[in-house]
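Residue numbers (the working numbering), protein chains in the order written: chain R, 1 to 808; chain P, 1001 to 1456.
If you want it as structure tokens, here you go:
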């Protein structure tokens, strides 16, 4: 059917169901008649009416052929009604009808007898109407019958003329007559812009309001509006109406609408930027909605309009994220959508430039945060590309790499400007983004120092969930960074906390975890899903796990070996790793490794047996390394080196029992390490009293001293150890209670020096406590290394617990 | 070796006047061209009132040029200001130095002020003159006079800011006249003032901004204190031990890590040098060095020089050759350093000792020639050194020299189990007591706070 009917149909679907029902009952048979519901501007109608009367005529002809007079009658009625409405083209219609009716008349005689009751009634009715109409348009019909071609010609001219008129009128923004709901006519003129705006705004949110129509009206208004003030007002209304288009939260905004609103936000920013005498503000004094504001009326030459650009930018960004969340990340659609990021980034930059210019601090901070969040997790190349497109546009915020150099300095300047704002929430997030970026750029120490100095781990459990997620992401990124740099211990302890809970995906908001023991209410599930990060921001969990388990292996295996040595059960450093290892041990048959875990478990076993080469090959054959940012080869090389060293240590721990001497050169050959490295490793073990041995320089061997320990002695030792740990636990507990970190380190310090005078000790303790009481920046950084391992852990645990509680 | 010179790094943290000795020392070491140094000195004097010295330097810089007239003008101005201030200060001094007044003065400053006002009509403004004059004297280079005036000012004044400033001035003056005992006293009281000051500041300036700002000022003043104290600690006879104590206390260690990692060099040297001196402090030695090594390792990415990497090579990498290499370099640096210059012998001695100690602990049989080489000594010297070592230290019983094979044999029987148990449990009781005390204190303060809360 015609375009008209199609649009009408789609309108129906978006209307309230009630009216849709009405509609359906109205339109029985093949003739749908929704036109009374639809308001159209005249120009549209004109185009459509031509289609329409063609359609009607075809319908009549068709009906004639099958002698279906009921349909003919209906169509004719409609045709007539149409003709009455449009006086311009009216001439054409009756003649075409009479044309077809003349044909019909001829057939009619013969067909008459076969007609059933209703048909014949319709036929008679039509004949009556025909006569009436013919009388009305008599002159025209005569004219037509005499000279059909001439009439056609005239008609064409007649039609063309008003069409041109309409065109002109359109340009002037003049004489639009539109049938609004209930047949009210809407005129779009610059003068009536505010009235129309008002009407639209009043109907907004009511039942039965058609949002598409609203948008269209507003779009038209925008075309008509001819002053900046009007345009701003209309744009503000239009953008919010677009955002309102979607009522349900779960699905995202249609992409075409999103693009349109993005364009309009740009437009809005450009207008406001170009004309400093207007400004959009969230809170303004009341003003008259209908009156055109002029500069003269305002006190300081600035017209304030209620509306906030920042909230549009926020919303735009949120909708973008939402759409990414809902699009299948493995399809091309996702990639296409991702391309819009560029435009969005530009919009954000422009908004930032605008706020920088107008010096509105609060929205500026918010828009900078958006800016930062767009780039913090991206590699350099992507940021550069984004920045290039942004600098091409006219409006450039003051912080761009063109003036700043590299992407990390861009992030730095963005973060610093946020640190200066007094919004602590944004400050925290900016800090995390900054740290994340440092970690991504392989600057482990910088990132670690920033994280520790920010003291976020102490307060993050009180933050909102999104910030907690960002925190988790940052910590994980830091762990991977440490791993890349070969700082295995740091990597292990950093990643530990995320992995012990076994909810990695959930903690990073990269997937909803299946809860086994508790069921989530739909709202929680929805909230959970809303929090998910779009796919392109994910941190690869498999890579994460590989890094974690490998560092676990490098830390744990030598430790395990030394435990057997001393026949003491020691606390496992990495419980998840130990659990997996035990599980792998229990298996009777082991096939060739398939998953990353298999690889690592078999590698661990090889390492335990002293086969470091096998271990290395297994670890290096893990495919996921290729996803490591910054190149897989360097990581593999680093791992190979580590495996050699840890292999040596494991070997020494395991087999020291069975040798009284071991040649250093043999060790260096076996583990392909230089003699110097072997000596240094062994020395380190001796010095740290891990290995009861000493070196014999002249013959180049390690001499082992075996000490037999009696059972009672062993027990006494472990008891003493336990006492020590208990003591430490107590101190830590008190630490937590008193709040200061290193007041205790200081105190234990004092105790180790028994010979000091009590006076001194007292003084020291006093300063210690004073210090513990104040949270000074230089101060609370105490015992960094230890804090990093423990403090982080505790706090992360708390953060997670907190999350858990929230869930309950 | 110029790249390891710290003078340029340190000077920004020093007072103008304190930088002079450093520059003079630099001129002696020939690390930098003399003209540059004189120029630097000249520029330094421009900010002070030491006009004569400035003119002198100017003449050295430009032997041919005429001395500009502005010097003379400045000189006149300085002299006139001096006279004016001196007169004003004189009246105050006369009153204060009156024995009757000196007796009447008590602890309470406010009361003193009241007393002076009632009896002699001495106002606060007049007392501030003391401060101004002291400061002026200081800028003129008359440090002992400055120290005197500032001392008197501090006794009387109640203005916290000026008092602190006077503190710094007095410390600088004491350092510059070389009265180390007094300087040390001053240093300690200043340290206390800085530490306690933040608390009052933090409590008055509530709100996040104030807290951050006060923390920053505290960090800054601690950094300054660290640098200034180097003068005292490396000149006072007990200085090195005291330095260890101060610098290793968590607050100052954190300050070093945060804002001035180069101080680690001095900490390292102090730890090494005071090895023997701290023998009286029993386990303290190992403790200090171990602490220092930990910090060095942590800050490796920020600061590194041969002195710190010597310890790192020795105790982290156990690379004795590396340690020896670094030691040679470190020796030179220590010799050239303004603060450490006097200790280069001691440093070398103790560093050697540390190497040999570590070496002996790890090895069972050591070639004497090899060890001598490790210590940068000739064979004969090496043997003598080792004999001394064996005689001096606790390991005497376990080590023997076998001249026939030219080796030292070390027998180190494993530590008996009971001893390790004792070692482990030592101090537990003390620590428990400390916890108890702390808890009691915490409880008390809580009670007090609660009480306050109710009172409000």
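We treat Cβ as the ideally placed atom computed from N, Cα and C, and that holds for glycine.
**OP:** Please go through the stretch 533-586 of chain R and give each complete alpha helix (DSSP H) segment of 4 or more residues, from N-terminal end onward.
**Re:** Fully enclosed alpha helix (DSSP H) runs of 4 or longer: 541-566, 575-586.
Subject >> Three-state secondary structure (DSSP) of residue 709 (chain R) >> reply: As a working mapping, residue 709 (chain R) is identified with position 709 in the first chain. DSSP, read as helix, strand or coil, puts residue 709 (chain R) in coil.
**OP:** Take the Cβ of residue 1436 (chain P) as the centre, count every other Cβ of all protein chains shown within 10 Å, and call the residue buried at 16 or more, exposed below.
**Re:** Locating residue 1436 (chain P) in the second chain gives position 436, counting from the first residue. Exposed, since its Cβ has fewer than 16 Cβ neighbours within 10 Å.
Original post:
Beta-carbon of residue 423 (chain R) versus every beta-carbon of chain P: anything under 9 Å?
Top reply: Working through the first chain from its first residue, we reach residue 423 (chain R) at position 423. With its beta carbon at least 9 Å from every one in chain P, residue 423 (chain R) lies outside the interface.
**OP:** List the residues that DSSP assigns as beta-bridge partners of residue 529 (chain R).
**Re:** Translated into the one-based positions of the first chain, residue 529 (chain R) becomes position 529. Answer by DSSP bridge pairing: none, since residue 529 (chain R) is not bridged.
Subject >> the stretch 1310-1324 of chain P in contact with the stretch 663-682 of chain R per 3-pair CB rule at 8 Å >> reply: Cβ pair count under 8 Å is three or more, so yes.
**OP:** Return the residue from the list P:1255, P:1358, P:1379 that minimises the CA-CA distance to residue 1313 (chain P).
**Re:** Here the question's residue 1313 (chain P) lines up with position 313 in the second chain. For the residues P:1255, P:1358, P:1379, the minimum Cα distance to residue 1313 (chain P) belongs to P:1358.
Subject >> Where the alpha helix (DSSP H) through residue 484 (chain R) begins and ends >> reply: As a working note, residue 484 (chain R) is residue 484 in the first chain. Annotation for residue 484 (chain R): the continuous alpha helix (DSSP H) segment containing it runs 465-484.
Subject >> residue 1409 (chain P) - DSSP class collapsed to helix/strand/coil >> reply: In the second chain, residue 1409 (chain P) corresponds to position 409, counting from 1. Residue 1409 (chain P): strand per DSSP, three-state reduction.
**OP:** Establish whether the CB of residue 1399 (chain P) and some CB of chain R are separated by less than 9 Å.
**Re:** As a working mapping, residue 1399 (chain P) is identified with position 399 in the second chain. Against chain R, the CB of residue 1399 (chain P) has no partner CB under 9 Å away; the residue lies outside that interface.
Original post:
Can you name the residues of chain R whose CB is closer than 7 Å to the CB of residue 1364 (chain P)?
Top reply: For the purposes of this step, residue 1364 (chain P) is taken as the residue at position 364 of the second chain. Within 7 Å Cβ-Cβ: 694, 695, 696, 703.
**OP:** Compare the C-beta of residue 1142 (chain P) against all C-beta atoms of chain C and say whether one is closer than 9 Å.
**Re:** The displayed structure is made up of protein chains R and P, and chain C is not among them.
Subject >> Status (buried if at least 16 other CB within 10 Å, exposed otherwise) for residue 78 (chain R) >> reply: For the purposes of this step, residue 78 (chain R) is identified with residue 78 of the first chain, where counting begins at 1. So residue 78 (chain R) counts as buried.
Original post:
Tell me which same chain residues have a C-beta within less than 6 Å of the C-beta of residue 535 (chain R), skipping the five on either side of it?
Top reply: Within the first chain, numbered from 1, the residue matching residue 535 (chain R) stands at position 535. Closer than 6 Å at Cβ, skipping near neighbours: 329.
Original post:
What residues are listed by DSSP as bridge partners for residue 1363 (chain P)?
Top reply: As a first step, residue 1363 (chain P) is located in the second chain; it is residue number 363 there, counting from the start. According to DSSP, which records beta bridges pairwise, residue 1363 (chain P) is partnered with R:695.
Original post:
Residues in its own chain within less than 7 Å of residue 1407 (chain P) by CB, not counting five upstream and five downstream?
Top reply: Within the second chain, residue 1407 (chain P) is the residue found at index 407, counting from 1. Taken in chain order, the residues that qualify are 1365, 1366, 1367, 1368.
Subject >> DSSP-derived helix/strand/coil call for residue 1349 (chain P) >> reply: As a position in the second chain, residue 1349 (chain P) is number 349, starting the count at 1. Residue state, collapsed to three classes: helix.
**OP:** Would you tell me roughly how many angstroms separate the C-alpha atoms of residue 705 (chain R) and residue 559 (chain R), rounded to the nearest one?
**Re:** Sequence index remark: in the first chain, residue 705 (chain R) carries index 705 (1-based). Sequence index remark: in the first chain, residue 559 (chain R) carries index 559 (1-based). If I take the Cα positions, the gap works out to 20 Å.
Subject >> Distance, residue 734 (chain R) Cα to residue 1439 (chain P) Cα >> reply: Here residue 1439 (chain P) refers to the residue found at position 439 when the second chain is read from its first residue. Here residue 734 (chain R) refers to the residue found at position 734 when the first chain is read from its first residue. Distance between the alpha carbons of residue 1439 (chain P) and residue 734 (chain R): 8 Å.
**OP:** Compile a chain-ordered list of the residues in the stretch 1415-1434 of chain P whose CB is closer than 8 Å to at least one CB of chain R.
**Re:** Residues 1417, 1418, 1420, 1421, 1424, 1425, 1427, 1428, 1430, 1431, 1432, 1434.
**OP:** Under 7 Å Cβ to Cβ from residue 1255 (chain P), same chain only, skipping five residues before and after it: list those, please.
**Re:** Here residue 1255 (chain P) corresponds to residue number 255 of the second chain, with the count starting at 1. Result list for residue 1255 (chain P): 1219, 1222, 1223, 1226, in chain order.
**OP:** Keeping to the same chain, check which residues put their C-beta closer than 7 Å to that of residue 1191 (chain P); ignore five residues upstream and five downstream.
**Re:** By one-based count along the second chain, residue 1191 (chain P) stands at place 191. Excluding sequence neighbours, residue 1191 (chain P) sits near 1225.
Original post:
Mapping DSSP to helix, strand and coil, what is residue 777 (chain R)?
Top reply: Locating residue 777 (chain R) in the first chain gives position 777, where the first residue counts as 1. Low confidence applies to residue 777 (chain R): its pLDDT is 34, below 50, so where it sits in the model is not reliable, and the reading given next is rough at best. Coil.
**OP:** Could you tell me which chain P residues have their CB closer than 8 Å to the CB of residue 407 (chain R), listed as they occur along the chain?
**Re:** Here residue 407 (chain R) refers to the residue found at position 407 when the first chain is read from its first residue. Residues of chain P whose Cβ lies closer than 8 Å to the Cβ of residue 407 (chain R) do not exist; the shortest such Cβ separation is about 22 Å.
Subject >> 8 Å CB neighbourhood of residue 1267 (chain P) in its chain, flanking five on each side removed >> reply: Looking up residue 1267 (chain P) in the second chain gives position 267. The beta carbon of residue 1267 (chain P) sits closer than 8 Å to those of 1243, 1244, 1247, 1248, 1256, 1292, 1295, all from its chain and outside the five residues before and after it, given in chain order.
Original post:
With DSSP run on the structure shown, which of helix, strand or coil describes residue 701 (chain R)?
Top reply: Translated into positions along the first chain, residue 701 (chain R) becomes position 701. It is a strand residue.
**OP:** Could you check which residue in R:262, R:684, R:722 has the C-alpha nearest to that of residue 816 (chain R)?
**Re:** Outside the modelled stretch of chain R, which goes from 1 to 808, sits residue 816 (chain R), for which no answer is possible.
Original post:
Of the residues R:233, R:450, R:433, R:596, which one's Cα is nearest the Cα of residue 624 (chain R)?
Top reply: Here the question's residue 624 (chain R) lines up with position 624 in the first chain. Ranking the options by Cα distance to residue 624 (chain R), first place goes to R:596.
Subject >> Complete runs of the alpha helix (DSSP H) confined to the stretch 1083-1141 of chain P [at least 4 residues] >> reply: Entirely contained in the stretch 1083-1141 of chain P, the alpha helix (DSSP H) runs reaching 4 residues are, in chain order, 1099-1104, 1109-1120, 1124-1140.
**OP:** Mind reading off the beta-carbon distance from residue 502 (chain R) to residue 541 (chain R)? Whole number of angstroms is fine, and I expect it under 8 Å.
**Re:** In the first chain, residue 502 (chain R) corresponds to position 502, counting from 1. In the first chain, residue 541 (chain R) corresponds to position 541, counting from 1. Actually they are not in contact, since the Cβ atoms of residue 502 (chain R) and residue 541 (chain R) sit about 12 Å apart, beyond 8 Å.
**OP:** Check whether the Cβ of residue 759 (chain R) lies closer than 9 Å to any Cβ atom in chain P.
**Re:** Here residue 759 (chain R) refers to the residue found at position 759 of the first chain. In this predicted model, residue 759 (chain R) has a pLDDT of only 33, less than 50, meaning its place in the structure is not dependable enough to derive any value.
Original post:
Who are the neighbours of residue 727 (chain R) on chain P, taking C-beta pairs under 8 Å?
Top reply: By 1-based counting over the first chain, the position of residue 727 (chain R) is 727. In chain order: 1428, 1431, 1432.
Subject >> Burial state of residue 252 (chain R) (16 or more Cβ within 10 Å) >> reply: Locating residue 252 (chain R) in the first chain gives position 252, counting from the first residue. Per the 10 Å Cβ criterion, buried.
**OP:** Select from the stretch 554-565 of chain R all residues with a C-beta closer than 8 Å to any C-beta belonging to chain P, and list them in chain order.
**Re:** Those residues of the stretch 554-565 of chain R that come within reach of chain P (Cβ to Cβ, closer than 8 Å) do not exist; the list is empty.
**OP:** Compare the C-beta of residue 1407 (chain P) with all C-beta atoms of chain R and state if any pair is closer than 9 Å.
**Re:** Walking along the second chain from the start, residue 1407 (chain P) turns up at place 407. Closer than 9 Å to some Cβ of chain R, the Cβ of residue 1407 (chain P) qualifies, so yes.
Original post:
Which residues bound the beta strand (DSSP E) around residue 590 (chain R)?
Top reply: Against the first chain, residue 590 (chain R) aligns to sequence position 590. For residue 590 (chain R), there is no enclosing beta strand (DSSP E), since its DSSP letter is neither H nor E.
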